[in-house]
Amino acid sequence: AQSVTQLDSQVPVFEEAPVELRCNYSSSVSVYLFWYVQYPNQGLQLLLKYLSGSTLVKGINGFEAEFNKSQTSFHLRKPSVHISDTAEYFCAVSESDSWGKLQFGAGTQVVVTP
Amino acid sequence: EAQVTQNPRYLITVTGKKLTVTCSQNMNHEYMSWYRQDPGLGLRQIYYSMNVEATDKGDVPEGYKVSRKEKRNFPLILESPSPNQTSLYFCASSSTGSSPLHFGNGTRLTVT
Chain G
1 AQSVTQLDSQ
11 VPVFEEAPVE
21 LRCNYSSSVS
31 VYLFWYVQYP
41 NQGLQLLLKY
51 LSGSTLVKGI
61 NGFEAEFNKS
71 QTSFHLRKPS
81 VHISDTAEYF
91 CAVSESDSWG
101 KLQFGAGTQV
111 VVTP
Chain W
1001 EAQVTQNPRY
1011 LITVTGKKLT
1021 VTCSQNMNHE
1031 YMSWYRQDPG
1041 LGLRQIYYSM
1051 NVEATDKGDV
1061 PEGYKVSRKE
1071 KRNFPLILES
1081 PSPNQTSLYF
1091 CASSSTGSSP
1101 LHFGNGTRLT
1111 VT
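Those protein sequence lines, which keep their order, are chains G and W.
Note that my numbering gives residue 83 to position 83 of the first sequence, counting from 1, and the numbers run on in steps of one.
Note that my numbering gives residue 1102 to position 102 of the second sequence, counting from 1, and the numbers run on in steps of one.
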């Protein structure tokens, strides 16, 4: 069965600085990988996903993530954050042969300050 | 407007009193799923359904039931709620495994 670890529970960052959120997974089969964002008092929205192909995935709001199979990682990056990026970010993984069973990481709270 | 609708948004109940949280989607999605969100634990999958009359357990199914009699509805049933089921619950749907999940706005349940 798959598992997901988000290595940072909270990441403080200054406005216009870069940010990286780390995600590692474990699975014995090929996986689908996702990053979701949750703004206060809302449900989750998809930022980006990796299914196959190019390991660099671009998403909405200037975010991108890189799939590294050898390191079983899927880290999320943004070169310059805005105050509005303050939110909680979740990495999620499903195994391609049982994609209905989706597992989320514990989340990383990003706090952007001026 | 494409959406996943959960009701109620807030629910306070007592131990042992059966309750149902409804979830409905208007996107004709095959796949629906329930999650609970707890601080420090992220979202944990309770049950999912790949299609009508097809449901399967997620990671934390104990104490919960679901049914999928129609494609659009996927209610979550707590037959005998306990305080450890106090949580924020989300319903979600998608058309396939590679499609993004569409989430409802959540149901905050308190069991005293």
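For glycine and all other residues, C-beta sits at the position ideal for the given N, C-alpha and C.
Bear in mind the structure is a predicted one, so any value in this text is a computation, not a measurement.
* Asked: So V110 of chain G and A87 of chain G are in contact, right, with Cβ under 8 Å, and what is the actual spacing, rounded?
  -> In the first sequence, counting from the first residue as 1, residue 110 of chain G sits at position 110. In the first sequence, counting from the first residue as 1, residue 87 of chain G sits at position 87. Yes, V110 of chain G and A87 of chain G are in contact; Cβ-Cβ is about 6 Å, under 8 Å.
* Asked: Quick one: is A87 of chain G near chain W, going by C-beta distance under 8 Å?
  -> Position 87 of the first sequence, counted from the first residue, corresponds to residue 87 of chain G. Not one chain W Cβ lies under 8 Å of A87 of chain G.
* Asked: What residues match up with P1083 of chain W in a beta bridge as DSSP calls it?
  -> Counting from 1 along the second sequence, the entry for residue 1083 of chain W is found at position 83. According to DSSP, P1083 of chain W bridges with nothing at all.
* Neighbour-count burial assignment, P1081 of chain W, 16 or more Cβ in a 10 Å radius -> For this step, residue 1081 of chain W is matched to residue 81 along the second sequence. The residue is buried, with at least 16 neighbouring Cβ atoms inside 10 Å.
* Going along chain G, which residues have a C-beta under 8 Å from L1041 of chain W? -> Working through the second sequence from its first residue, we reach residue 1041 of chain W at position 41. Under the 8 Å cutoff, chain G gives A106.
* Where do the N-terminal and C-terminal ends of the beta strand (DSSP E) with Y89 of chain G fall, by residue? -> Numbered from its first residue, the first sequence carries residue 89 of chain G at position 89. Element bounds for Y89 of chain G: A87 to E95.
* Nearest candidate by alpha-carbon position, reference Q1025 of chain W, set W:K1065, W:T1015, W:Q1006 and W:G1058 -> Within the second sequence, residue 1025 of chain W is the residue found at index 25, counting from 1. Checking every option, the nearest Cα to that of Q1025 of chain W belongs to W:Q1006.
* Looking at the C-beta of L1011 of chain W, does it have a partner C-beta in chain G at a distance below 8 Å? -> By one-based count along the second sequence, residue 1011 of chain W stands at place 11. Taking 8 Å as the CB threshold, L1011 of chain W stays off the interface with chain G.
* Can you check whether the CB of I1077 of chain W is closer than 8 Å to the CB of V1066 of chain W? -> For the purposes of this step, residue 1066 of chain W is identified with residue 66 of the second sequence, where counting begins at 1. For the purposes of this step, residue 1077 of chain W is identified with residue 77 of the second sequence, where counting begins at 1. Going by beta carbons, V1066 of chain W and I1077 of chain W fall inside the 8 Å limit.
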